[in-house]
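**Q**
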Amino acid sequence: MADPRQPHAHIGASISPSSRATGDSLQSYRWKVIVSTSVANALEWFDFVAFGFFAVIMAKLFFPSGNEVASLLAIFATFVVPFAVRPIGAIVLGAFADRHGRKKTLLLTISLMTLGTAIMAIVPTYQTIGAWAAVIVVAARMLQGFSVGGEFGAAVAFLVEQDEKRRGFLASWHYSSQSMVAVLATGFATVLNATLTAEQIESWGWRIPFVFGLLIAPVGLYVRSQLRETDLFVAAKTSKAPVLEVLADYRSQIVLAVGVIAASAVAVYMVLFMPTFAIRQLGLPSSVAFLGSLLAGTIHVVLIPIVGLLSDRLNRTSLALAASLALLVVAWPLFAFLVAMPSVPALLVVQGVLGVLNALNLGCLGALVAGLFPTSLRTSGLSLANAFAQMTIGGTTPFVSVWLIAATGLVTAPAFCLMFGAALSVVALLVLRARRS
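Under our numbering, the first residue of the sequence shown carries the number 956, and numbering increases by one thereafter.
Here is the structure:
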């Protein structure tokens, strides 16, 4: 009898969505799953990303300080707060998904995120209500962090359980849709900075992305309500205490998953940090500082599904390992090049390289980590691993980058964050490859 803890034993079940449909109808439903999950996921993450892009302005509005660095650190600390709440969301919502279904969880998470978006769209600034403004922002961010904590596991599990043979391609759309968010949010930031004055942006322009996310959130709720639960989940015997079970029996898999996620977690939030870096450290105008993130996001949208498709035919562990090794090697030279030549073309080159390497990682990631856990515990395992990775490694990237620059005096110091995340992924992927050989 196969050891149920071995990765290859979990996804290769005989039950699939084909039990309900065949041929064109099955293919049509799978594309409906991809589109519906991707659109809702993109909407859910939109203002989460916008918050990072408008960090400099929001630092002045909600955390005013006589010291610009202290103010920026405060807003990035608020950016980190949701990641500290993620494990709670992962535990509560992950268990809910493994007991009651992925679809119900996905509807719940987007509802919670919509509430957080509404708060961000209308919250008064420090000038109006004083310190309560910061308290409300932190509370909204905590609600969003709780929601996102369970979103990852439920969404990835829902996608990979549609078809065993195409799980790499299907899971890749989770990350591609997040990149659509980066493109959309970056586009907003670029247009706003190009068309509005600094005073207008600071007065009301920064609210536009949040209002936009709030207005179109019902679309995400609707499309998710049209999906059905996966056959694999329906057939699986549910656990009464999935979180306790996964922590008791799959600790090593959680550690491996955290390591595998590390490189992409740092790279994603480095892309969000780069506009702030370009404005404050390179002296580039805000109207062009977002172009690099726009390029990286566009590369992600296009390349991640292609890599996901290739990962179903090639060795995805080796493909992700090559990408992580490359990131480890080029991180420092990229930042050194950018600091030596602080210009828009240099920024585009750096963001483009980071975009390609991260797309190679993300195209493989979903299927890699999903394969570490059985169906009955998959959402809990995925949610916990991702929450811990993002809380300790990914979400702290902007804060640590600002702190490293101030502490070391090296403008290139953010490269250390990329190198650290890449090194963790290299080790985890080597262990994973050895286990599967």
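Cβ coordinates follow ideal geometry from the N, Cα and C atoms, glycine included.
Between the Cα of residue 906 and the Cα atoms of 1049, 1333, 1385, which residue gives the shortest distance?
**A** Since the first residue of the chain shown is 956 and the last is 1392, residue 906 is not available in this structure.
**Q** Can you tell me which of 1097, 1053, 1145 puts its alpha carbon nearest to the alpha carbon of residue 1074?
**A** Nearest of 1097, 1053, 1145 to residue 1074, Cα basis: 1097.
**Q** Of the residues 1312, 1239, 1201, 1111, which one's Cα is nearest the Cα of residue 1281?
**A** Checked all of 1312, 1239, 1201, 1111; the closest Cα to residue 1281 is 1312.
**Q** Please report the residue range of the alpha helix (DSSP H) in which residue 1316 lies.
**A** 1299 to 1325 is the extent of the alpha helix (DSSP H) around residue 1316.
**Q** Under 7 Å Cβ to Cβ from residue 1366, same chain only, skipping five residues before and after it: list those, please.
**A** Here the set comprises 1236, 1294, 1360.
**Q** Among 1219, 1105, 1109, 1078, whose alpha-carbon lies nearest the alpha-carbon of residue 1094?
**A** Of the listed residues, the one whose Cα sits closest to residue 1094 is 1078.
**Q** Does DSSP put residue 1116 in a helix, in a strand, or in coil?
**A** Three-state result, residue 1116: coil.
**Q** Among the candidates 1160, 1283, 1379, 1188, whose CA atom is the shortest distance from the CA of residue 1328?
**A** Checked all of 1160, 1283, 1379, 1188; the closest Cα to residue 1328 is 1188.
**Q** Hey, out of 1248, 1245, 1332, 1314, whose CA is closest to residue 1258's CA?
**A** With distances taken between Cα atoms, residue 1258 lies closest to 1314.
**Q** Rank 1274, 1179, 1100 by C-alpha distance to the C-alpha of residue 984 and give the top, closest one.
**A** For residue 984, the nearest C-alpha among the options comes from 1179.
**Q** Given residue 1288, which residues of its chain have a CB within under 8 Å of its CB, disregarding the five upstream and five downstream residues?
**A** Closer than 8 Å at Cβ, skipping near neighbours: no residue.
**Q** Which of the three DSSP states is assigned to residue 1280 in this structure?
**A** Helix at residue 1280.
**Q** Quick check on the burial criterion: 16 or more other C-beta atoms within 10 angstroms. Buried or exposed for residue 1058?
**A** Looking at its Cβ environment, which holds 16 or more other Cβ atoms inside 10 Å, residue 1058 is buried.
**Q** With a cut-off of 8 Å, do at least 3 Cβ pairs link the region 1096 to 1115 to the region 1334 to 1346?
**A** Because the criterion of three Cβ pairs below 8 Å is met, the region 1096 to 1115 and the region 1334 to 1346 touch.
**Q** Can residue 1244 and residue 1233 be called in contact, C-beta distance under 7 Å?
**A** Yes, the pair counts as a contact, with Cβ atoms nearer than the cut-off.
**Q** Under DSSP, the alpha helix (DSSP H) around residue 1390 begins and ends at which residues?
**A** 1369 to 1391 is the extent of the alpha helix (DSSP H) around residue 1390.
**Q** On a Cα-Cα basis, can you pick out the residue from 1339, 1321, 1389, 1372 that is closest to residue 1101?
**A** If we check each option's Cα against that of residue 1101, 1339 comes out closest.
**Q** Could you check if residue 1177 is buried or exposed, using at least 16 other CB atoms within 10 Å of its CB as the buried criterion?
**A** Residue 1177 should be labelled exposed.
**Q** Can you say whether residue 996 is buried or exposed, counting buried as having 16 or more other CB atoms within 10 angstroms of its CB?
**A** Residue 996 is buried by the Cβ-count criterion.
**Q** First and last residue of the alpha helix (DSSP H) that includes residue 1174?
**A** Looking at the DSSP string, the run of the alpha helix (DSSP H) that includes residue 1174 is 1163 to 1180.
**Q** With respect to the alpha helix (DSSP H) encompassing residue 1186, which residues constitute its N-terminal and C-terminal limits?
**A** Its alpha helix (DSSP H) spans residues 1186 to 1190.
**Q** Using only the alpha-carbon positions, how far apart do residue 1009 and residue 1130 sit?
**A** Each residue's alpha carbon lies about 22 Å from the other.
**Q** If you reduce the DSSP assignment to three classes, tell me which class residue 1205 lands in.
**A** Here residue 1205 sits in coil by DSSP.
**Q** Looking only at C-alpha atoms, which of 1380, 1018, 1055 sits nearest to residue 1272?
**A** Ranking 1380, 1018, 1055 by Cα distance to residue 1272 puts 1380 first.
**Q** Can you name, in chain order, every residue of its own chain whose Cβ lies under 7 Å from the Cβ of residue 1220, other than the five neighbours on each side?
**A** Same-chain partners within the cutoff: 1344, 1345, 1348, 1349, 1376.
**Q** Put residue 1296 into one of helix, strand or coil per three-state DSSP.
**A** Residue 1296 falls in the coil class under three-state DSSP.
**Q** So, is residue 1133 buried or exposed, given that buried needs 16 or more other C-beta atoms within 10 angstroms?
**A** Residue 1133 is buried by the Cβ-count criterion.
**Q** Could you check where the alpha helix (DSSP H) with residue 1270 kicks off and where it finishes?
**A** First-last for residue 1270: undefined, no H or E at that position.
**Q** Per DSSP, what kind of secondary structure is residue 1423 in: helix, strand or coil?
**A** Residue 1423 lies beyond the residue range present for the chain, which begins at 956 and ends at 1392; the question has no answer from this structure.
**Q** Residue 1228 by DSSP, collapsed to three states: which one?
**A** If DSSP states are grouped into helix, strand and coil, residue 1228 belongs with the helices.
**Q** Going by DSSP in three states, residue 1128 sits in which element: helix, strand or coil?
**A** Three-state DSSP puts residue 1128 in a helix.
**Q** Could you tell me which uninterrupted alpha helix (DSSP H) segments, each at least 4 residues in length, are contained entirely in the region 1044 to 1130, listed from first to last along the chain?
**A** Fully enclosed alpha helix (DSSP H) runs of 4 or longer: 1057 to 1077, 1081 to 1084, 1087 to 1115.
**Q** Counting along the chain, where does the alpha helix (DSSP H) carrying residue 1357 start and finish?
**A** Unbroken alpha helix (DSSP H) run through residue 1357: 1352 to 1363.
**Q** For residue 1231, count the other beta carbons within 10 Å of its own beta carbon; 16 or more makes it buried, fewer makes it exposed. Which is it?
**A** Flag for residue 1231 reads buried.
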